[in-house]
């Protein structure tokens, strides 16, 4: 359990000092593809909110907006420039034109479910907007799945720890 406390102690000063804006920035850039601690930041706001250090509602709204806007920015980047890059450099990651075609078919059939659930898988969370845009997933399908997935993810990792912190305290310190 010490690793979790160490991870939270790295993020905690920024969240305590800058509040919802820090959460927005962390989640936005993580959703855009940067390797940032999004889930840890959400857990931190839940814990800090139990102590009264941050306003939980504002922080959750900041996280939700950062998630939706970050993924949407990634979608725009993928939509306007991703496909040519994938065709040109995809061989470096073994993404042949045939595999790209299969990926496009997969997003046509199950894109909404992929985008909603990718939020809960670390690497997919960072890349799903870029990939959805690059394979020409319809914008409204992407946006609706992005909103639902972001809301679920923020509630699970932000509100969940806030609600469960008393149970964890009782479990860890009987």
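Numbering (UniProt numbering), first residue to last: 1 to 174.
For each residue, glycine too, the CB sits at the ideal point set by N, CA and C.
Rounded to whole angstroms, the gap between the alpha carbons of residue 162 and residue 120 is 18 Å. In this model, residue 116 and residue 171 are separated by some 32 Å (Cα to Cα). Annotated three-state conformation of residue 28 is helix, per DSSP. With at least 16 other beta carbons inside 10 angstroms of its own, residue 30 counts as buried. Measuring C-alpha to C-alpha distances from residue 82 to each of 133, 62, 118 and 65 identifies 133 as the nearest. For residue 71, the uninterrupted alpha helix (DSSP H) segment begins and ends at 56-77. In the structure shown, residue 120 falls within a coil segment according to DSSP collapsed to helix, strand and coil. Non-local beta-carbon contacts of residue 96 in its own chain, meaning distances under 8 Å to residues more than five positions away in sequence, involve 90 in chain order. Beta-carbon to beta-carbon, residue 50 and residue 165 are separated by about 5 Å, close enough to satisfy the 8 Å threshold.
Here DSSP, grouped into helix, strand and coil, assigns residue 13 to helix. Selection 104, 70, 19 and 34 evaluated against residue 146 yields 70 as nearest (Cα-Cα). Residue environment: residue 93 is assigned as exposed (fewer than 16 neighbouring CB atoms within 10 Å of its CB, all protein chains considered). Inter-segment contact for the segment 29-49 and the segment 63-79 is present: three or more beta-carbon pairs are separated by less than 8 Å.
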